[in-house]
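Student: Going by my numbering, the first residue of the sequence shown is number 20, and it counts up by one from there.
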Amino acid sequence: MLMRGAEELAHLPTDVQNAKLAALFPFLPAGTTFTVADGVVTIEIPEAGQSEVTEAERLASKAEKRAQNGEFAKAKGIYERVLQLNPTSIEPRRNLAMVCYELGEFEDAKDHLIEVLRLDPTNAWSFVILGNIYSRPQND
20 MLMRGAEELA
30 HLPTDVQNAK
40 LAALFPFLPA
50 GTTFTVADGV
60 VTIEIPEAGQ
70 SEVTEAERLA
80 SKAEKRAQNG
90 EFAKAKGIYE
100 RVLQLNPTSI
110 EPRRNLAMVC
120 YELGEFEDAK
130 DHLIEVLRLD
140 PTNAWSFVIL
150 GNIYSRPQND
């Protein structure tokens with residue numbers, strides 16, 4: 020992953036680099052490692068166990084159904100559990116942002132979308148949703 024300012028990190032001790040990068044990506048699971056070389060930050064994320072992934076997928080499907088039925092508060096809680104099990108899962112995080120948007124929690128929605136874009140800078144839907152948030156009238 021290319022990061023602006025990564026060359027500045029190269030001159031810091033490894034433990035300081037890791038602390039700064041972990042602060043930028045607080046949603047990544049424990050055991051995530053960072054390497055800085057030649058202005059490039061490499062992030063290695065430990066794989067979630069198969070049972071965690073299966074449970075996360077089951078819960079994501081349940082959350083999606085809740086959201087489709089307009090049960091946004093319930094969907095939010097379920098999506099949060101999904102991300103505890105599999106914090107690098109992009110679609111559930113983006114869907115959580117949409118649920119937050121529907122609940123009027125615009126700052127939380129923006130935060131989740133920014134996290135999606137940190138994981139996948141090419142995620143077009145996240146840009147569309149962010150655009151909708153930023154273009155809404157401020158008195159909402």
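Glycine included, every Cβ here is placed at the ideal spot set by N, Cα and C.
Taking 8 Å as the limit between beta carbons, can you name the residues of its chain near T73, skipping five residues before and five after?
Tutor: Stepping through the sequence shown from its first residue, residue 73 is reached at position 54. Excluding residues within five positions, none has a Cβ falling inside 8 Å.
Student: Kindly indicate which three-state DSSP category E121 falls into: helix, strand or coil?
Tutor: Your numbering for residue 121 matches position 102 in the sequence shown. E121 falls in the helix class under three-state DSSP.
Student: Along the chain, where does the beta strand (DSSP E) containing F53 start, and where does it finish?
Tutor: Translated into positions along the sequence shown, residue 53 becomes position 34. Here the beta strand (DSSP E) through F53 covers 52 to 56.
Student: Look at the alpha carbon of I97 and the alpha carbon of A82, and state the distance between them as a whole number of angstroms.
Tutor: Start at 1 with the first residue of the sequence shown, and residue 97 comes out as number 78. Start at 1 with the first residue of the sequence shown, and residue 82 comes out as number 63. If you take the alpha carbons of I97 and A82, they lie about 6 Å apart.
Student: Please list, in chain order, all residues of the same chain as N151 whose beta carbon is under 7 Å from its beta carbon, the five residues on each side excluded.
Tutor: Here residue 151 is taken as the residue at index 132 of the sequence shown, counted from 1. None.
Student: Helix, strand or coil: which one does DSSP assign to E76?
Tutor: As a position in the sequence shown, residue 76 is number 57, starting the count at 1. Helix at E76.
Student: Return helix, strand or coil for F33, following the three-state DSSP convention.
Tutor: Counting from one through the sequence shown, the residue named residue 33 turns up at place 14. The question names Phe, but residue 33 in the sequence shown is Thr. Of the three classes helix, strand and coil, the one that applies to T33 here is helix, per DSSP.
Student: Could you tell me which of F53, A116, E90, L104 sits nearest to W144, measuring between CA atoms?
Tutor: Here residue 144 refers to the residue found at position 125 when the sequence shown is read from its first residue. Measuring from the Cα of W144, the nearest candidate turns out to be A116.
Student: Which same chain residues, not among the five before or five after A29, have their C-beta less than 6 Å away from its C-beta?
Tutor: Taking the sequence shown and counting its residues from 1, the one referred to as residue 29 is at position 10. Cβ within range, chain order: V55.
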